[in-house]
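Enquirer:
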């Protein structure tokens, strides 16, 4: 587990993703990833999560302002599996995370960003109509 900096709240997701990526990398390597490599791999994971969201979740749950909690549990398992497969194809073995931690957080984050974008678009559209 990644400790928090202030000893209170949990560490930010970026730090957790970095710890995960370094852990996965160190299984087969002697030196940890550089900050550039970590940033690139985080971007790739987020890109893959967005791809799964756009290609499957949005098809099955078309409400653009949906939340991850609105997705049925069996569907969540399916989407997390898809993301883990896509990540594995890119040598990012997030399937090793306990209880799908990596895939769950990445997809939850992708849904949140999609919801915020949809809300912002709706507000801008409403302003133009008014």
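Residue numbers (our numbering): 317 to 446.
Built from N, CA and C at the ideal position, the CB exists for glycine as well.
Can the beta-carbon of residue 403 be found closer than 9 Å to that of residue 364?
Expert: Here residue 403 is taken as the residue at index 87 of the chain shown, counted from 1. Here residue 364 is taken as the residue at index 48 of the chain shown, counted from 1. Yes; because the gap between Cβ atoms is below 9 Å, this pair is in contact.
Enquirer: In whole angstroms, what separates the C-alpha of residue 317 from that of residue 337?
Expert: The residue you call residue 317 lines up with position 1 of the chain shown. The residue you call residue 337 lines up with position 21 of the chain shown. Note on residue 317: pLDDT 48, under 50, position unreliable in the model; no value is reported.
Enquirer: For the putative contact between residue 382 and residue 431, defined by C-beta atoms under 8 Å, what is the C-beta separation to the nearest angstrom?
Expert: In the chain shown, counting from the first residue as 1, residue 382 sits at position 66. In the chain shown, counting from the first residue as 1, residue 431 sits at position 115. With a Cβ gap of about 7 Å, residue 382 and residue 431 count as contacting.
Enquirer: The alpha helix (DSSP H) spanning residue 400 covers which residue range?
Expert: Walking along the chain shown from the start, residue 400 turns up at place 84. Here the alpha helix (DSSP H) through residue 400 covers 389-405.
Enquirer: Rounded to whole angstroms, what is the Cα-Cα separation between residue 386 and residue 347?
Expert: Counted from its first residue, the chain shown places residue 386 at position 70. Counted from its first residue, the chain shown places residue 347 at position 31. Their Cα atoms are separated by approximately 41 Å.
Enquirer: Quick one, which of 407, 443 and 360 has its alpha-carbon nearest residue 426's?
Expert: One-based indexing of the chain shown puts residue 426 at position 110. Comparing Cα-Cα distances from residue 426 to each of 407, 443 and 360, the minimum goes to 360.
Enquirer: In chain order, what residues of the same chain lie with their CB nearer than 7 Å to the CB of residue 384, ignoring the 5 residues before and after it?
Expert: In the chain shown, counting from the first residue as 1, residue 384 sits at position 68. Same-chain partners within the cutoff: 423, 424 and 427.
Enquirer: Rounded to the nearest angstrom, what separates residue 437 and residue 340 at their Cα positions?
Expert: Taking the chain shown and counting its residues from 1, one reaches residue 437 at position 121. Taking the chain shown and counting its residues from 1, one reaches residue 340 at position 24. In a straight line, the C-alpha of residue 437 is about 38 Å away from that of residue 340.
Enquirer: Are the beta-carbon atoms belonging to residue 380 and residue 434 less than 9 Å from one another?
Expert: By one-based count along the chain shown, residue 380 stands at place 64. By one-based count along the chain shown, residue 434 stands at place 118. Their beta carbons are under 9 Å apart, which means residue 380 touches residue 434 by this criterion.
Enquirer: Going by beta carbon distance, what residues of the same chain come within less than 8 Å of residue 412, once the five residues before and after it are set aside?
Expert: Taking the first residue of the chain shown as 1, we reach residue 412 at position 96. These residues qualify, in order along the chain: 340.
Enquirer: Verify whether the separation of the beta carbon atoms of residue 368 and residue 399 is less than 9 Å.
Expert: Stepping through the chain shown from its first residue, residue 368 is reached at position 52. Stepping through the chain shown from its first residue, residue 399 is reached at position 83. Taking 9 Å as the Cβ cut-off, residue 368 and residue 399 qualify as a contacting pair.
Enquirer: Apart from the five residues on each side of it in sequence, which residues of its chain come closer than 7 Å, Cβ to Cβ, to residue 372?
Expert: The residue you call residue 372 lines up with position 56 of the chain shown. So the list reads 395 and 398, once near-sequence residues are dropped.
Enquirer: Counting along the chain, where does the alpha helix (DSSP H) carrying residue 338 start and finish?
Expert: For the purposes of this step, residue 338 is taken as the residue at position 22 of the chain shown. Run containing residue 338: 329-342, per the alpha helix (DSSP H) assignment.
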